[in-house]
Amino acid sequence: MQSFDKLVEILERLRDPASGCPWDLKQTPLSLIPNFIEELYECVEAIEEEDHVSLSEELGDLMLHIVFQCRIAEEERRFTIEDVLNKINSKLVRRHPHVFAELDIEGADAVKMNWERIKKVEKQDRISVLEGIPRALPGLIYAQRTQEKAASVGFDWQDHQPVMDKLHEEIAELNEALELDDPAKIREEVGDLLFTIVNLARKLHMDSETVVKETTRKFTKRFQFIEAHYRNTGEDIHAASLEELDAVWEKAKNI
243 MQSFDKLVEI LERLRDPASG CPWDLKQTPL SLIPNFIEEL YECVEAIEEE DHVSLSEELG
303 DLMLHIVFQC RIAEEERRFT IEDVLNKINS KLVRRHPHVF AELDIEGADA VKMNWERIKK
363 VEKQDRISVL EGIPRALPGL IYAQRTQEKA ASVGFDWQDH QPVMDKLHEE IAELNEALEL
423 DDPAKIREEV GDLLFTIVNL ARKLHMDSET VVKETTRKFT KRFQFIEAHY RNTGEDIHAA
483 SLEELDAVWE KAKNI
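Numbering of the sequence shown is given in our numbering, commencing with residue 243 and proceeding in unit increments.
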């Protein structure tokens, strides 16, 4: 805790109107958002790459932004860092009655559903269970969180097989839209297809955002193998046919 207190003290010094840093003094909660988001994604990248050294650094950068926001709020007499910590501490205890009280709940899925039920009681001003999902989330995460929220009230299939059936149905509907050459309908059906694939990943206990990133990285590695091949042979990749590129791609799959 001494280290945390030291960070708070450093921010106070940086924001001191008399002797602080001009850049830090210029910042506002809004101006910090881009860097805040960047630091979060750098943490995610370190986690995905299992780079523990980088993660320890990136988490510090992220914590800096949290303390920075709290410092500005305290200056403006909106709330303090103690308020923030007290709220999350109370929330964690309140939403884990199976740990801190006598409620008997078994399994992670049941715990998650109970969390959502408690949250709904706390947020009684919300009309819909789907309220509160940040619209700025990346599309796949936004879709999955929406599905999870709907599932919390029982609007969900029991297993993945009905989702597979729905997937085939959406593919057929997309084919129909393509045959009609209806751009608006094609766009709608592509969206439905993506949404269903996210639902399938969720039912298979996968995070769709993580899965598609893994596949994209695999594609990147193989495509860069193709580029390296053409650099090494001195041939022009832009002049290569799809068949030639695909032949090198097959080699890339074996590395």
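The beta carbon of each residue, even a glycine, is placed where N, CA and C say it ideally should be.
Check whether W357 and R387 have beta carbons under 7 Å apart: no
Spatial distance of V363 from V250 (CA atoms): 34 Å
Minimum length 4: unbroken alpha helix (DSSP H) runs contained in the stretch 357-406: 381-393
Contact with chain D by E477, beta-carbon distance below 7 Å: This model lacks chain D altogether; it includes just one protein chain.
N417 versus F342: straight-line alpha-carbon distance, rounded: 53 Å
Unbroken stretches of the alpha helix (DSSP H), 4 residues or longer, contained in the stretch 290-363: 294-317, 323-336 and 339-342
Where F310 falls, given that 16 or more other Cβ within 10 Å makes a residue buried: buried
Reduced DSSP secondary structure (H/G/I, E/B, other) of T458: helix
Contacting residues, own chain, Cβ-Cβ under 8 Å from A392 (five flanking each side not counted): V371, L372 and D398
Under the three-state DSSP convention, the category E430 falls into: helix
A443 (DSSP reduced to helix, strand or coil): helix
Length of the line joining the Cα atoms of Q366 and P376: 18 Å
For E411, the three-state DSSP class (helix, strand or coil): helix
Outcome for K333 when other beta-carbon atoms lying within 10 angstroms are tallied against a minimum of 16: exposed
Three-way DSSP call (helix, strand, coil) for R257 in this model: coil
Three-state secondary structure (DSSP) of L435: helix
E477 (DSSP reduced to helix, strand or coil): coil
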